[in-house]
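Novice: Here the numbering used here is used: the first residue of the sequence shown is -19, the next is one more, and so on. Cβ coordinates follow ideal geometry from the N, Cα and C atoms, glycine included. Could you have a look at this structure, given as structure tokens, before my questions?
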Amino acid sequence: MSTQIYKKSVFVLSLMGVLFSGYLSGTKFFTETCAFNESCPYFYGYPACYFGFALFLILFLTSLMLIMGKVRFMKATKINTLFSGIGVLFSGYFAYPEVRGMFDGTFQSRFLGLSTCSYGFIFFALVFIISVCSIIRRR
-19 MSTQIYKKSV
-9 FVLSLMGVLF
1 SGYLSGTKFF
11 TETCAFNESC
21 PYFYGYPACY
31 FGFALFLILF
41 LTSLMLIMGK
51 VRFMKATKIN
61 TLFSGIGVLF
71 SGYFAYPEVR
81 GMFDGTFQSR
91 FLGLSTCSYG
101 FIFFALVFII
111 SVCSIIRRR
């Protein structure tokens, strides 16, 4: 994968993550209800979407700095790998019970098909895979 494709891919994925988790966080913050009528998992007393937003914001800012030439490629890629890996573990922790429920019949139909934590997991996993592949390729 070329550096330009990496830069654009991670930038777009992290922007999508910021917008999605930002919408979820804003909805929860201003209305005190969860978007899409879902259960709202909490982590240390705060909605999980707040933490997802913070992680996606770190990925987005790192990617933006990379595009602007403010940070070296490998440093940005390692930062993205670290924080997307944390995001995979974090969102996976909340998404797993909901996805498991899809297979045992206890999963309630969602507006978007999957739970919002599952979509966060997908975005984080894509950034993680792209970043790891980029690191391996550069060695």
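In its own chain, which residues sit with a C-beta less than 7 Å from the C-beta of S114, not counting the 5 before and 5 after it?
Specialist: Within the same chain, S114 has close Cβ partners M(-19), Y(-14) and T57.
Novice: Inspect the beta-carbon positions of T108 and S64 and report whether they are closer than 8 Å.
Specialist: Residue identity differs from the one stated: residue 108 is Phe in this sequence, not Thr. Contact: yes.
Novice: What residue from M54, S19 and S98 has the CA that sits closest to I116's CA?
Specialist: Residue M54 is the option with its Cα nearest to I116.
Novice: Count the other CB atoms within 10 Å of the CB of Y24; is the residue buried (16 or more) or exposed (fewer)?
Specialist: It is exposed - the Cβ of Y24 has fewer than 16 other Cβ atoms within 10 Å.
Novice: Helix, strand or coil for P27? Go by DSSP, reduced to three states.
Specialist: Correct three-state label for P27: strand.
Novice: Can you give me the start and stop residues for the alpha helix (DSSP H) that K(-13) sits inside?
Specialist: T(-17) to T11 is the span of the alpha helix (DSSP H), which, as asked, contains K(-13).
Novice: Indicate whether G81 and F101 have their beta-carbon atoms separated by less than 8 Å.
Specialist: No, the pair does not count as a contact, with Cβ atoms beyond the cut-off.
Novice: Which two residues bound the contiguous alpha helix (DSSP H) that contains S64?
Specialist: Taken as a continuous stretch (DSSP letters only), the alpha helix (DSSP H) holding S64 covers F53 to D84.
Novice: For L46 and Y22, I'd like the C-alpha separation in whole angstroms.
Specialist: Their backbone Cα atoms lie some 32 Å apart in a straight line.
Novice: When the Cα atoms are used, what is the spatial distance from T13 to A28?
Specialist: If I take the Cα positions, the gap works out to 13 Å.
Novice: Going by C-alpha to C-alpha distance, which of S19, R52 and S5 sits closest to F31?
Specialist: The candidate whose alpha carbon is nearest that of F31 is S5.
Novice: State the Cα-Cα distance for the pair L(-7) and R119, rounded to the nearest angstrom.
Specialist: The alpha-carbon atoms of L(-7) and R119 are separated by roughly 24 Å.
Novice: Would you verify that the beta carbon of T96 is, or is not, closer than 8 Å to some beta carbon of chain B?
Specialist: Of the protein chains in this structure there is only one, and it is not chain B.
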